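Below is one structure, written out as structure tokens; comments come after it.
Protein chains: 2
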Amino acid sequence: MTTPKPGHPVRGSTTGRPIMALLDLLGRRWTLRVIWELRDEALTFRALRSRCDDVSPTMLNRRLAELRDAGIVAAEGGYALTGPGLELLQAILPLQRWADDWAARRDRPAAGSGRAP
Amino acid sequence: MTTPKPGHPVRGSTTGRPIMALLDLLGRRWTLRVIWELRDEALTFRALRSRCDDVSPTMLNRRLAELRDAGIVAAEGGYALTGPGLELLQAILPLQRWADDWAARRDRPAAGSGRAP
DNA sequence: AGCATATGCTACGCTTTATGTAGCACGTCA
DNA sequence: TGACGTGCTACATAAAGCGTAGCATATGCT
């Protein structure tokens, strides 16, 4: 499969709008996870694989190729986020907070954040 | 397929950590896109479908079920983001800016943000 | 009433994507 | 030499996604 690129049609959008290319890229399995696992250190292929619950090397390699292609990840003595990759990470980090709130909300529901009936 | 939930094992992680459930949920095709398309107005099923480049109704319905299940989307006279859904959107909105920078970077590469050769 | 149109949604057959296991070629260090 | 770790690929199987068709209900019009 091809790596989504801004300025080109992608799966689900022919406009070439950059955001569509990005949503296509991030909406692939393991992509978000890989970025997440690289959040605070470079990892070798196998270390990364084990952090990602032993994803098949086929997939990991494909995702890494896409992420390198997009300039999000670099492979210089292990895999690490690039400058732009770190910027992208900034948008992903708050998800942890949201997820924790999500879990709390499920434990004691209907507590303010839900919609009124 | 089942909707990922915090506190339960999900695809690619058995720990039940909320962030893993969220990354599983968002890493499915069309999920990010649906949230994105609902960013500033409620849409009917068919309107949403047409915004998503005529995604198959099978998929849209499945994703909507997952998003409703997760409390991100509500279906009251069309589909719309809930309170938590809007909070989640806040993490996704900056992606547009990132994507635009991405596109600009590709137009004139090696301009500071790339890695040095 | 009769008819057109719009809605949300499901069935079903086919294609694309992901998974799991095995293993290769290379490098390092004893 | 041989035991290990590395990044990566092949290939068969399973899962997810896709496209088209169409149903049941609701609303509005004449």
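Quick note, the sequences are listed as chains H and E, same order.
Sequential numbering from 1 applies to the first sequence in the working numbering.
Sequential numbering from 1001 applies to the second sequence in the working numbering.
All residues carry an ideal CB built from backbone N, CA and C; glycine is no exception.
These numbers come from a predicted model, not from an experiment.
- Neighbours of S50 (chain H) in chain E, taken as residues at a C-beta separation under 9 Å, are lacking, since the least C-beta distance is about 12 Å.
- Here the alpha carbons of L93 (chain H) and T1082 (chain E) stand approximately 21 Å from one another.
- L1093 (chain E) carries a coil assignment under DSSP once its states are collapsed to helix, strand and coil.
- R105 (chain H) and I19 (chain H) have their C-alpha atoms some 30 Å from each other.
- In chain order, P4, V10 and R11 place their CB closer than 6 Å to the CB of D24 (chain H), counting only its own chain and leaving out the 5 sequence neighbours on each side.
- Annotation for R33 (chain H): C52 place their beta carbon closer than 7 Å to its own, counting only its chain and skipping 5 residues before and after.
- Close partners of P6 (chain H) in chain E (Cβ separation under 7 Å): A1099, W1102, A1103 and R1106.
- In the structure shown, the three-state DSSP call for A1021 (chain E) is helix.
- As DSSP reads the structure, S13 (chain H) sits in a beta bridge with H:V10.
- Taking a C-beta cut-off of 8 Å against chain H, the contacting residues of the segment 1026-1040 of chain E are L1026, G1027, R1028, R1029, W1030, T1031, L1032, R1033 and W1036, listed in chain order.
- Fully enclosed beta strand (DSSP E) runs of no fewer than 3 residues occupy 1073-1075 and 1079-1081 of the segment 1055-1104 of chain E, in order along the chain.
- With respect to the 8 Å criterion, W102 (chain H) and L1022 (chain E) are classified as neighbours on the basis of their beta carbons.
- Proximity of D1069 (chain E) to chain H, defined by a Cβ-Cβ separation below 8 Å, is not satisfied.
- The residues G78, in chain order, have a CB closer than 6 Å to that of T44 (chain H) in the same chain once the five nearest residues on each side in sequence are set aside.
- Residue burial annotation: R1063 (chain E) is buried, with at least 16 other C-beta atoms found within 10 angstroms of its C-beta.
- The Cβ of L43 (chain H) sits no closer than 8 Å to any Cβ of chain E.
- Residues of chain E with a Cβ closer than 7 Å to the Cβ of P94 (chain H) are, in chain order, A1091.
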